[in-house]
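Numbering (the numbering used here), first residue to last: 454 to 697.
Every residue gets a Cβ at the ideal spot worked out from N, C-alpha and C, and that includes glycine.
Values in this document were obtained by computation on a predicted structure and should not be read as measured data.
Worksheet for the structure shown next.
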Ligand SMILES: Nc1nc2c(ncn2[C@@H]2O[C@H](COP(=O)(O)OP(=O)(O)OP(=O)(O)O)[C@@H](O)[C@H]2O)c(=O)[nH]1
Ligand SMILES: [Mg+2]
């Protein structure tokens with residue numbers, strides 16, 4: 454957990470509101486205090502994540518948590534996915550960003566109900582934020598629930614949202630070394646999605662290296678490659694989603 458950026462100021466206390474924009478980042482004052490807070494927060498998050506899991510199961514929602522660096526193509530992938538699923542499968546979306554409703558507006562333009570969580574100082578979604586967002590979405594039993602996490606390859610790794618599957622996106626413009634540099638998020642992933650493959654002719658990105666690095670962390674990690682803008686690989690991705 455990065456106390457410097459204020460992610461320990463997230464509201465795991467259900468009585469607080471989602472917007473944290475007015476709170477100053479918390480300074481770590483000493484190792485003993487920091488560890489105690491961390492354990493408390495993670496325990497509260499695990500508890501809330503279990504509750505979310507029960508909710509998902511009770512409503513037959515398949516919850517998928519999409520994580521990546523900023524700009525790896527999460528919202529574009531969702532737009533293209535939802536457009537293709539229209540009329541075939543009900544879907545709901547929870548969007549996470551530090552500020553703005555921009556991504557939720559893009560999702561709503563596809564005709565899909567979406568709630569935007571603005572995390573303020575926090576650099577990840579936590580289970581309590583997702584729980585509150587669920588209450589703002591229409592009831593749609595049996596739907597796919599797609600959760601776009603805050604663009605960040607570090608902190609979202611630590612926060613179970615109660616999801617069924619976690620998908621890590623790495624775009625070819627980021628470099629194939631990302632699994633080596635940010636291993637935690639790959640350790641907890643169910644699928645690695647290599648995105649923007651249409652740009653491969655223009656960038657230095659060794660796909661085989663990227664996959665090898667990721668499988669050093671998690672040998673059974675599934676991998677798919679796609680270009681959301683060109684459509685390559687989208688049908689395999691949709692099949693994977695259907696299986697969830
Ligand atoms: N060439 C190409 N560009 C893409 C592709 N997918 C997304 N982009 C572009 O990448 C940029 C970022 O895409 P977004 O979908 O907003 O990325 P994001 O991960 O949702 O970004 P944050 O929510 O800010 O973390 C946009 O300019 C997209 O048009 C793709 O498959 N190919
Ligand atoms: Mg986005």
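Sorted by chain position, residues whose beta-carbon lies closer than 5 angstroms to a non-hydrogen atom of ligand 2 are 527, 528, 556. Residue 555 has its alpha-carbon roughly 14 angstroms from the corresponding atom of residue 523. When 621, 604, 540, 653 are compared, the shortest CA-CA separation from residue 578 is found for 604.
The beta carbon of residue 505 sits closer than 7 angstroms to those of 580, 583, 584, 614, 615, all from its chain and outside the five residues before and after it, given in chain order. Between the segment 591-607 and the segment 512-530, the count of C-beta pairs closer than 8 angstroms reaches three or more; the two stretches touch.
Bridge partners of residue 549 according to DSSP: 570. Annotated three-state conformation of residue 607 is coil, per DSSP. Here residue 675 is bridged, per DSSP, to 644.
Remark: the shortest separation between the CB of residue 682 and any heavy atom of ligand 1 falls under 7 angstroms. Between the alpha carbons of residue 532 and residue 552 lies a gap of roughly 20 angstroms. Going by C-alpha positions, residue 513 is about 18 angstroms away from residue 538. The closest heavy atom of ligand 1 lies 7 angstroms or more from the beta carbon of residue 590.
Per the C-alpha coordinates, the member of 496, 588, 655, 573 positioned closest to residue 547 is 588. For ligand 1, no non-hydrogen atom lies closer than 7 angstroms to the CB of residue 581.
Inside the segment 489-569, DSSP marks whole alpha helix (DSSP H) runs of 4 or more residues at positions 527-538, 555-561, from first to last along the chain.
Between residue 651 and the set 572, 540, 678, the nearest pair of CA atoms involves 678.
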